[in-house]
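Converting from the sequence shown to our numbering requires adding 4 to each position, the first position being numbered 1. Glycine included, C-beta positions come from ideal geometry on N, C-alpha and C. Values in this document were obtained by computation on a predicted structure and should not be read as measured data.
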Amino acid sequence: MKEIEIKAKLKDRGAVMRKLTDLGCEFEPEVTQSDTVYSLVAGSVEVYMSNKNFLRLRVKNSGKVLFTIKQPQKNHLDKI
């Protein structure tokens, strides 16, 4: 499965939620999570993004823990 993630700052969260509901979207309860990312090298953004692999440990407020790896695919925007 390919994951597409979009982040945006909303001026009117309520209006966006209403529109998405009108379009048929269903929502789940909000999730709080804490991420710890591990990489080979750190430093400036350019140095950090030069890593080929990123390991992530994610702890959710439900107590569930996920371990993931992000690796480059076709271009710098594609990750698995």
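**Q.** Proximal residues to lysine 56 (C-beta, below 7 Å), its chain only, five neighbours per side dropped
**A.** By one-based count along the sequence shown, residue 56 stands at place 52. Gln75, Pro76, listed in sequence order.
Q) Taking DSSP as the reference, what is the three-state secondary structure of leucine 14? A) Residue mapping note: residue 14 aligns to position 10 of the sequence shown, counting from 1. Leucine 14: coil per DSSP, three-state reduction.
Q) In terms of residue numbering, what span does the beta strand (DSSP E) encompassing valine 164 cover? A) Residue coverage of the chain in this structure runs from 5 to 84, which leaves residue 164 outside it and unanswerable.
Q. Closest to threonine 36 by CA distance: which of Lys78, Lys15, Lys68 is it?
A. Residue mapping note: residue 36 aligns to position 32 of the sequence shown, counting from 1. Measuring from the Cα of threonine 36, the nearest candidate turns out to be Lys68.
Q. When you compare only the Cα positions, how much space is there between phenylalanine 31 and threonine 40?
A. Position 27 of the sequence shown, counted from the start, is the residue given in the question as residue 31. Position 36 of the sequence shown, counted from the start, is the residue given in the question as residue 40. When rounded, the distance between both Cα atoms is 26 Å.
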